Amino acid sequence: MLRIYFLQQWFNLSDPQAEDAIYDSESMRRFARVELGDDGVPDETTILRFRHLLERHRLTEALFEAVKDLLTEKRLLLQTGTIVDATIIAAPSSTKNATGARDPEMKQTRKGKAWHFGMKLHIGTDCQGRVHSLSATHAAAADIAQMPHLLHGKERVIYGDQAYWKEADRQAFEARGVRYRVNRRPLSSRPLSERWRAINRARSRTRARG
Numbered sequence: 092m093l094r095i096y097f098l099q100q101w102f103n104l105s106d107p108q109a110e111d112a113i114y115d116s117e118s119m120r121r122f123a124r125v126e127l128g129d130d131g132v133p134d135e136t137t138i139l140r141f142r143h144l145l146e147r148h149r150l151t152e153a154l155f156e157a158v159k160d161l162l163t164e165k166r167l168l169l170q171t172g173t174i175v176d177a178t179i180i181a182a183p184s185s186t187k188n189a190t191g192a193r194d195p196e197m198k199q200t201r202k203g204k205a206w207h208f209g210m211k212l213h214i215g216t217d218c219q220g221r222v223h224s225l226s227a228t229h230a231a232a233a234d235i236a237q238m239p240h241l242l243h244g245k246e247r248v249i250y251g252d253q254a255y256w257k258e259a260d261r262q263a264f265e266a267r268g269v270r271y272r273v274n275r276r277p278l279s280s281r282p283l284s285e286r287w288r289a290i291n292r293a294r295s296r297t298r299a300r301g
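Just so we're on the same page, our numbering is the position in the sequence shown counted from 1, plus 91.
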């Protein structure tokens with residue numbers, strides 16, 4: 092079950108998606124040590140209960156820190172810059188908790204023109220795409236509020252999309268010698284100039300490579 096939990100974190104899988112992935116992917120089955128012919132694949136409810144067990148006993152952060160320390164020890168984690176981002180982990184709108192009520196961890200949010208229900212995973216990675224920090228919230232949580240939880244404190248540069256832009260943060264980070272490369276957000280009264288749109292596109296390409 093712990094291996095399936097790691098797969099969820101690494102591949103941004105909801106509980107139903109994790110169950111489906113184990114059925115569909117031989118490599119994931121090998122990692123999770125599940126054989127279709129011998130073991131029953133854990134269903135989404137079992138996966139949900141195990142995840143809640145870890146969260147209830149505050150083990151998720153301890154596990155993540157242990158993995159991060161191992162990667163750092165093996166020199167597989169570089170801590171010179173951070174890219175911050177968030178992804179929505181969708182869940183059925185009928186998702187219930189143990190009391191039978193709609194799970195309070197899940198909320199609805201709008202992204203573009205589409206509405207989504209579920210949780211949001213906020214991620215901090217190095218510029219090679221290796222995750223060093225994460226935070227989970229309901230889907231409606233503001234991305235920018237999670238930025239302090241996604242930084243390791245030794246950054247020389249920070250990248251993020253417009254959801255993380257804040258002028259006060261830019262001034263504070265640059266005063267400390269940290270390059271603030273978060274995409275600039277337009278003001279309601281003043282759209283971005285073509286120069287800033289070009290800068291944002293260049294920064295987005297860097298984030299995509301990470």
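Built from N, CA and C at the ideal position, the CB exists for glycine as well.
Bear in mind that the values here come from a model prediction, so they are computed numbers and not experimental data.
If you compare the alpha carbons of Arg149, His223, Met210 with that of Leu242, the shortest gap goes to His223. Per the Cβ contact rule, the region 197-209 is not in contact with the region 123-141 (fewer than 3 Cβ pairs under 8 Å). The Cβ atoms of Gly209 and Ile179 lie closer than 8 Å to each other. The Cβ atoms of Gly215 and Thr173 lie closer than 8 Å to each other.
Sequence-distant Cβ neighbours of Thr151 in its own chain, meaning closer than 7 Å and more than five residues away, are Leu145. Leaving aside the five residues that flank Val273 on each side, the residues in its chain whose CB is nearer than 6 Å to its CB run, in chain order, Gly251, Tyr255, Trp256.
Residue pairing by DSSP places Gly172 opposite Val248 in a beta bridge.
Setting aside the 5 residues that flank it on each side, Ala231 is surrounded in the same chain by Lys198, Gln199, Thr200, each with a C-beta closer than 7 Å to its C-beta; the list follows chain order.
Linking Ile113 to Glu156 through their CA atoms gives a straight-line distance of about 25 Å. For Met210, the uninterrupted beta strand (DSSP E) run begins and ends at 205-216, by DSSP. Taking a 10 Å sphere around the C-beta of Asn103, we find fewer than 16 other C-beta atoms and assign the residue as exposed.
Within the model, the alpha-carbon separation for Arg276 versus Gln237 is close to 17 Å.
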